[in-house]
Amino acid sequence: MSGAKEIRTKISSIKNTQKITKAMEMVAASKMRKAQDSMQATRPYADKIRNVISHLAHAHPEYHHPYLAERNIKRVGLVIISTDRGLCGGLNINMFKKAITNMQQWAADGIEIDLTLIGAKSNAFFKRLGGNVVSTATHLGDAPSINDLIGTIKVMLDAYEEGRIDRLYLSYNEFVNTMTQRPQLEQLIPIHGHKEKELETHWDYIYEPDSKPVMNALMIRYIESLVYQGVVENLACEQSARMVAMKSASDNAGELIDELQLAYNKARQAAITQEISEIVGGAAAV
Amino acid sequence: MAMTMHVDIVSAEKAIFSGTVTMLFAPAEMGEVGIAPRHAPLLTWLKPGEVRVQTKEGDQRSYFVSGGILEVQPHTVTVLADTAIRARDLDEAAAVEAKERAEHMLADKQADIDYAKVQAELAQSVAQLRAIQKLREKAKQ
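Line by line, the protein sequences give chains B and S. The first sequence lines up with residues 121 to 406 when you count with our numbering. The second sequence lines up with residues 935 to 1075 when you count with our numbering.
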């Protein structure tokens, strides 16, 4: 019976694991809904700022902002957004892979790289890999606040304004749907993508107090909101990836339990058969 | 009919107000401004304070903003509200903190490498155990 007993303990231990993964799955599912809602909630701000910036491009102000000008690339900044915790499938690794492919390309072109890391996982990863890390932010929690990001991003923005970096990129996971998350690498600065339509009438804003500081504040907020949006989107990705990973772990545990149950039944049957044949044998001998 | 304009008050974290109003008051950098429909295009900073709107139906609503940017177009007004108190010194301090975190993280190499090493060793011994188990099973059959 010893074999059967071993299998029984194994089954109960797998059942415990399954309980944990099931619980994690359900927690992730409810957090995912919240994260998706907050992802939707961040959209209007970035959309509005984008509108204002494209208005500005139309209005031809006398002051041209450095965030709109292309420069020769000698050094780039890369903001990498990862999760704080693991157990979310290949989410972080897939994104790191994409980032590293780009980094290798830059390195081959003789471009140096500065890193800003958001999330504990990217910190651990790039600590081992190496790289010039200029600022980090970790443990933003389930409801990240833009407050925690201001300083982290400012390091990169300052570097751009002082000419230490010539481009700024953002790497994060795009939330396609619950099953699919796509690693993304986007260019933040110089800002591009707004179409310049010809205006019928020429107009400009009244700037108060002056165009320069107002535009500066606007641009900084725009970049911050993009990074914040990335953080929130990555959070939704994390929760849905964790939900899927935990679901497949629970399913695997279920399969394992079924198999072990079968093995257990066989072992038990074998033990009973053996006992009976021993008794019959003993009776025959008498 | 009174003239109206569309107003959006949004912060980076959520949309706060969106609707049709007849008048908007905001604490601009150079003093409190009142914006009526068909105002000339204006772009200005907001100081921390109260943004009031008078809705089409005639009720007043007010929202507190801790700063931000006000954009005025003849028929649309956008308030990009800050959720944080912003000041040059505060931002600077936050940036220094973020830099320090990075330096601290890089300096703290020892602990993590040991952890990684232990993890690798553990994975190795687990693999060995599994191999031994398989060999035993084969020997039994």
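Every residue gets a Cβ at the ideal spot worked out from N, C-alpha and C, and that includes glycine.
Excluding five sequence neighbours on each side, which residues of the same chain lie with their C-beta closer than 6 Å to the C-beta of residue i?
i	result
residue 303 of chain B	214, 215, 218 and 293
residue 973 of chain S	1006
residue 264 of chain B	351
residue 996 of chain S	984 and 986
For residue i, tell me which candidate among the options has the shortest Cα-Cα distance.
i	options	result
residue 938 of chain S	S:976, S:1009 and S:967	S:1009
residue 307 of chain B	B:200, B:126 and B:129	B:200
residue 171 of chain B	B:349, B:338, B:351 and B:386	B:338
residue 194 of chain B	B:232, B:157 and B:245	B:232
residue 965 of chain S	S:977, S:957, S:1069 and S:981	S:981
residue 250 of chain B	B:264, B:190, B:235 and B:388	B:235
residue 165 of chain B	S:1012, S:992, S:959 and S:999	S:1012
residue 305 of chain B	B:346, B:331 and B:336	B:346
residue 1071 of chain S	B:123, B:399, B:398 and B:273	B:123
residue 333 of chain B	S:951, S:978 and S:950	S:978
residue 168 of chain B	S:968, S:976, S:943 and S:996	S:943
residue 270 of chain B	S:1035, S:1038 and S:1026	S:1026
residue 998 of chain S	S:951, S:1040 and S:1061	S:951
residue 958 of chain S	S:971, S:1031, S:1056 and S:1055	S:971
residue 127 of chain B	B:381, B:373, B:401 and B:137	B:381
residue 1023 of chain S	S:1031, S:1017 and S:1016	S:1031
Could you check if residue i is buried or exposed, using at least 16 other CB atoms within 10 Å of its CB as the buried criterion?
i	result
residue 287 of chain B	buried
residue 961 of chain S	buried
residue 254 of chain B	buried
residue 212 of chain B	buried
residue 1058 of chain S	exposed
residue 275 of chain B	buried
residue 1077 of chain S	Lying outside 935 to 1075, the shown extent of chain S, residue 1077 of chain S is not represented and no answer is given.
residue 330 of chain B	exposed
residue 1066 of chain S	exposed
residue 366 of chain B	buried
residue 1063 of chain S	exposed
Just to confirm my understanding: we take residue i, look at its own chain, exclude 5 residues before and 5 after, and list those with CB closer than 7 Å. What are they?
i	result
residue 369 of chain B	141
residue 955 of chain S	938, 939, 941, 987, 988, 989 and 990
residue 359 of chain B	148, 151, 152 and 155
residue 357 of chain B	211, 293, 295 and 301
Give me the DSSP bridge partner(s) of residue i.
i	result
residue 942 of chain S	S:952 and S:1012
residue 234 of chain B	B:197 and B:252
residue 412 of chain B	Given that chain B is displayed from residue 121 to residue 406, the structure contains no residue 412 of chain B and the question cannot be resolved.
residue 989 of chain S	S:955
residue 997 of chain S	S:985
residue 1006 of chain S	S:976 and S:1011
residue 327 of chain B	S:977
residue 257 of chain B	B:238
Note down, in chain order, each residue of its chain lying with its Cβ closer than 8 Å to the Cβ of residue i, except the 5 sequence neighbours on either side.
i	result
residue 285 of chain B	195, 196, 197, 234, 276 and 279
residue 328 of chain B	334
Got a sec: is the Cβ-Cβ distance from residue i to anything in chain A below 8 Å?
i	result
residue 1025 of chain S	Included in the structure are the protein chains B and S, with no chain A among them.
Inset, instruction - Select from the segment 941-954 of chain S all residues with a C-beta closer than 7 Å to any C-beta belonging to chain B, and list them in chain order. - result: 942, 944, 945, 946, 947, 948 and 949
Inset, instruction - Check distances from the C-beta atoms of the segment 955-976 of chain S to those of chain B and list, in chain order, the residues that come in under 9 Å. - result: 962, 963, 964, 967, 974, 975 and 976
Inset, instruction - Closer than 8 Å, Cβ to Cβ, to anything on chain S: give me those residues from the segment 258-283 of chain B, in chain order. - result: 258, 265, 266, 267, 270, 271, 272, 274, 275 and 278
Legend entry - chain S contacts from the segment 197-225 of chain B (Cβ-Cβ distance under 7 Å): none
Inset, instruction - Using a Cβ-Cβ cut-off of less than 7 Å, list which residues of the segment 1025-1041 of chain S approach chain B; keep chain order. - result: 1025, 1028, 1029, 1031, 1032, 1033, 1035, 1036, 1039 and 1040
Legend entry - the segment 228-247 of chain B: positions lying closer than 7 Å to chain S by Cβ: 243, 244 and 247
Legend entry - Members of the segment 350-363 of chain B near chain S, C-beta cut-off 7 Å: none
Legend entry - the segment 998-1014 of chain S: positions lying closer than 7 Å to chain B by Cβ: 1003, 1005, 1012 and 1014
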